[in-house]
Amino acid sequence: MWVARSLARHWDLLWQMVATDLRGRYVGSSLGVFWSVIHPLTMILIYTVVFSKVMGARLADSSGSYGYGIYLCSALLPWSAFSEVVTRSTTLFPDNANLVRKVAFPKVVLYGYVTVSSAINLAFALTIFLGVAVLTGHELHATLLLWIPFIGLQLFFGLGIGIVLSVVHVFVRDTAQLVAVLLQVLFWMTPIVYVEEILPAWLRPLEVVNPLYAFAVSHHELVLKGTVPHLGRLVALVLLTAAWVLLGTVLYRRFRPDILDEL
Amino acid sequence: MSSEPHARVAVCNLWKTFYFYRYPIHRFTSWLTRARYGRPASLHTLRDISFTVVGGTSTGIIGVNGAGKSTLLKIITGTMEPTRGSVRLDGRIASLLELGTGFHPLFTGRQNIAYNARFLGLTDDEIEERMAEIEAFSELGEFLDRPLRTYSSGMHVRLAFSVAASVSPDVLVVDEVLAVGDAYFQQKCVQRIREFRDRGVTILFVSHDPTAVKTLCDRALLLHDGEIADDGPPAKVLEHYNAVIARKKADSDYLALEESQVSRGRRSGTFASLVTEVELLDERDQPLRAVLAGTEATLRLRVFFFEPLHEPTVGVLIRDRLGNEVWGTNTWYWRLATGDWRPGEMLELRIRTKLRLGVGEYSVAAAVHTGEVHVFDPYDWLEGALVFAVVASDDRRTVGVAQLEPVIEVVRGASIASAGAVLTRALGPIPSTIETAGAGKQFLRSGWYAVEGVSGEGFRWTEREGAFLLTIEAPELRLVAGVNRPKGAPAVELSIRSLGRELGRVRLEPGLGWEEITVHLPADFPRGPARFEFSVSDCWRPCDTGHSSDMRALGVRLRRIWSPAPAELDREAAI
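Chain order of the listed sequences is A and B.
Going by this note's numbering, the first sequence opens with residue 877, and the numbers climb by one from there.
Going by this note's numbering, the second sequence opens with residue 13, and the numbers climb by one from there.
Written out as structure tokens, the structure reads:
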């Protein structure tokens, strides 16, 4: 577990980079870090109020009048963080070329700061989301306790893919563009905005092909239904995540000297 | 610090090979295809480097550009990975390689200090502890609370160095940072590096500035072509370094000659004589490109004569890096008789002097003319004939303009060069055809008027005497010429000479048209580039004949000058 050891040893540096990343976004603005609260708050309010009250979107099982907003956010917030991790990891070496070329530090810190930075933004959003859920009278299930580590799993899944793509992107600079397109496609292949029941029968295999499908469905179960996802599915997702992280680690270790030469 | 000296840095059989793939993706696919496809070109930047640096010493690494110095330091500091071999470090390493890494333009100076120091390996506590010291050293005052984007580049560097200097490493790597900032701050930086050294910090120092290596280091490594060419006391290694510079410069001059013959200096003049060579020589007459300040050296000029010249003036001018005149003289100023010179002879001017010049790079201009300054009969003026460096001979430095006390002598050099070789070396390819109004007109050297002519057909008038350069292909020289004179006026004679020898004389009958004239060259006249002089027996002065009030003396109209290729002659013979 060299990754964990390395991260622990350079925790100071990681934390500094995360802080700089978060602060750097809003540097010079008077509200500063408050913007990281205002952005998700607005988004969550729009989804819950506009979709539920204005457009009258309802779920079939009609779990309260704000049900659709809750449904949407429970899978959308993790998705946003996931896609942010993938996108930012992919271009991580060119983005930080200056640092990588000039300073000796464990590059694994770079992956760390991208992930932690996204996780912190997600934490803001989740807190607000849960607050809004309570205010709108949504029933908080005990399974929420499992939801948080499950979201963590999805971030690690994104990180694994991100590591692989970051190595490929150094040599094939089209990767970032391709990733942007594929993420769009993947988003609409996953029941986040729509309800999975509306999918026609011939699209059902998506559930097997698309791991994000499994993630989304599990989010809905954990947040809305209060049920624990099927154990087989959880194990499959854990193994898949481990496989991606492993592949990324192997690729990264093999190409590390080449990455430094190519940048 | 332990009392016993031990290796702080141990570099062991280090290789670094750069692979150049046609497309970056091949770097990736070659792994999958086991390099069966997209095989890269490779460059060995470091070849089997091994050395150890003992704790508490400072080592200078010198070498010409591309010798592998930076690659070596990058591998030692860990920003690059070796292809083979290993580097072992004992203790904390800090580098002044790249100042200001990760500076954020919108953050304040203080915020950037915290961020930057983190990359240099300081912990939060250490940063807090040293903040005051860093702030004081930077002397930035209230600017520390302003965003970095408002800083001047000098302030930027000051901030960066202040942070870098605050770390307390066991090994400090310094790469050319002393070239930044103003003189005051530079001095402060050097002082800080000295303090580090005195505190027992091991220093690795890369520089092009031999003086700095001499004053700061107690050992020097010379890298050349990725190998350690020398290792020892700085003074000894620097001597070796100068020899390497000289060789490299000579190589590149040779290459430059091969590729583009004109690249050596900028010339102007009539080329009645040419400066063929300007060299700086040591006491054994070996060429030098770097000289220790104050040592004796000889500046040798060689001048080749195309025309007989009486008492030519030969001069040199040493300029500094910015083009300012540092020192110069000529044989006229020096009251030195140069004597009479026949075509084909070679003059050698040897200026032997102690080079009491400040440390820096200098270039030499050389000229041949008559009289005091080159505006009278400018035969050749060669700017940038030679570039050399003066390096410090000891720790004491000087600034200012120098007073040299040379011994200057004129001798007759061995005339080893042929005129053709001299021209090719000095000017590059010379054409075998000159359109006087167009292509090749820069090879008309003296005695020519501006282009005249109507309906796109240009020509030039000659003066009474003049010169041009032409490559001879066959023993013939042809001209398309004419003379504007009233019918019945006497014919004009045109005499062609080269190296003072008359080659032929042609008569041109008066008339308004064009005539093609052939001048048969002597059979022994060498093929290749040559300089020709001409003289016209009689000039047409329009005012004399009452045709015009123009005072110009016009000789012969010339439209084209060429030497026919042998193939052309054969074709004509067949007809």
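Using N, Cα and C, we set each Cβ at its ideal position, and we do this for glycine too.
With DSSP as the reference, identify every bridge partner of residue i, one or two as the case may be.
i              : result
residue 124(B) : Answer is none; residue 124(B) lacks a bridge partner.
residue 304(B) : 403(B)
residue 332(B) : 374(B)
residue 244(B) : 232(B)
residue 460(B) : 474(B)
residue 28(B)  : 58(B)
residue 394(B) : 279(B) and 378(B)
residue 106(B) : 184(B)
residue 322(B) : 352(B)
Which chain A residues are close to residue i, counting only those with a beta carbon under 9 Å from its beta carbon?
i             : result
residue 30(B) : 1137
Comparing alpha-carbon positions, which option in the options lies nearest residue i?
i               : options                               : result
residue 450(B)  : 459(B), 438(B) and 465(B)             : 465(B)
residue 582(B)  : 486(B), 206(B) and 432(B)             : 486(B)
residue 1128(A) : 1075(A), 1020(A), 983(A) and 1089(A)  : 983(A)
residue 301(B)  : 503(B), 403(B) and 571(B)             : 403(B)
residue 1026(A) : 981(A), 1056(A) and 1090(A)           : 1090(A)
residue 952(A)  : 1122(A), 1080(A), 1015(A) and 1001(A) : 1001(A)
residue 588(B)  : 184(B), 234(B) and 196(B)             : Nothing about residue 588(B) can be read from this structure; chain B reaches only from 13 to 587.
residue 519(B)  : 376(B), 320(B) and 549(B)             : 549(B)
residue 241(B)  : 530(B), 497(B), 458(B) and 80(B)      : 80(B)
residue 21(B)   : 149(B), 156(B), 75(B) and 105(B)      : 105(B)
residue 1140(A) : 1131(A), 1052(A), 1003(A) and 1086(A) : Absent from the structure is residue 1140(A), since the part of chain A shown begins at 877 and ends at 1139.
residue 1099(A) : 1018(A), 1058(A) and 1070(A)          : 1018(A)
residue 459(B)  : 570(B), 152(B) and 70(B)              : 570(B)
residue 479(B)  : 530(B), 234(B) and 281(B)             : 281(B)
residue 905(A)  : 76(B), 119(B), 75(B) and 108(B)       : 119(B)
residue 335(B)  : 360(B), 399(B), 298(B) and 392(B)     : 399(B)
residue 351(B)  : 34(B), 321(B), 137(B) and 75(B)       : 321(B)
residue 1078(A) : 1069(A), 1065(A), 1118(A) and 1092(A) : 1065(A)
residue 475(B)  : 545(B), 287(B) and 577(B)             : 545(B)
residue 208(B)  : 121(B), 219(B), 76(B) and 186(B)      : 186(B)
residue 1049(A) : 246(B), 452(B), 39(B) and 25(B)       : 39(B)
Which chain B residues are close to residue i, counting only those with a beta carbon under 7 Å from its beta carbon?
i               : result
residue 892(A)  : 127 and 130
residue 1047(A) : 36, 37, 39 and 40
Closer than 8 Å by beta-carbon distance: list the chain A residues that pair up with residue i, in chain order.
i              : result
residue 135(B) : 888
residue 89(B)  : 980
residue 93(B)  : 1132, 1133 and 1136
Given that residue i touches chain E, what residues does it touch there, using C-beta distances under 8 Å?
i             : result
residue 43(B) : Protein chains A and B are contained in the structure displayed, whereas chain E is not.
Uninterrupted alpha helix (DSSP H) stretches inside the region 47 to 82 of chain B (no shorter than 4 residues): none
Taking beta-carbon pairs under 8 Å, can you tell me which members of the region 972 to 998 of chain A lie near chain B? Against chain B - using a Cβ distance shorter than 8 Å - the residues of the region 972 to 998 of chain A are 974, 975, 976, 977, 978, 979, 980 and 981.
Selection of the region 1113 to 1134 of chain A by Cβ proximity to chain B, strictly under 8 Å: The region 1113 to 1134 of chain A vs chain B, Cβ under 8 Å: 1130, 1131, 1132, 1133 and 1134.
Taking only beta carbons into account, state which residues of the region 1070 to 1081 of chain A come closer than 7 Å to chain B, listed in chain order. none
Near-chain B residues of the region 1037 to 1061 of chain A - C-beta to any C-beta below 9 Å: 1043, 1044, 1046, 1047, 1048 and 1049
Enumerated in chain order, which unbroken segments of the alpha helix (DSSP H) with a length of 4 residues or greater are wholly contained in the region 423 to 450 of chain B? 431 to 439
Any alpha helix (DSSP H) of 4 or more consecutive residues that is wholly inside the region 899 to 987 of chain A: As far as the region 899 to 987 of chain A is concerned, its whole alpha helix (DSSP H) runs of at least 4 residues are 911 to 921, 943 to 966, 968 to 971 and 973 to 978.
If we require 4 or more residues per run, which alpha helix (DSSP H) segments fall completely within the region 1062 to 1088 of chain A? 1082 to 1085
Note down, one range per segment and in chain order, each beta strand (DSSP E) of at least 3 residues found wholly within the region 1019 to 1046 of chain A. Within the region 1019 to 1046 of chain A, no run of beta strand (DSSP E) at least 3 residues long lies entirely inside it.
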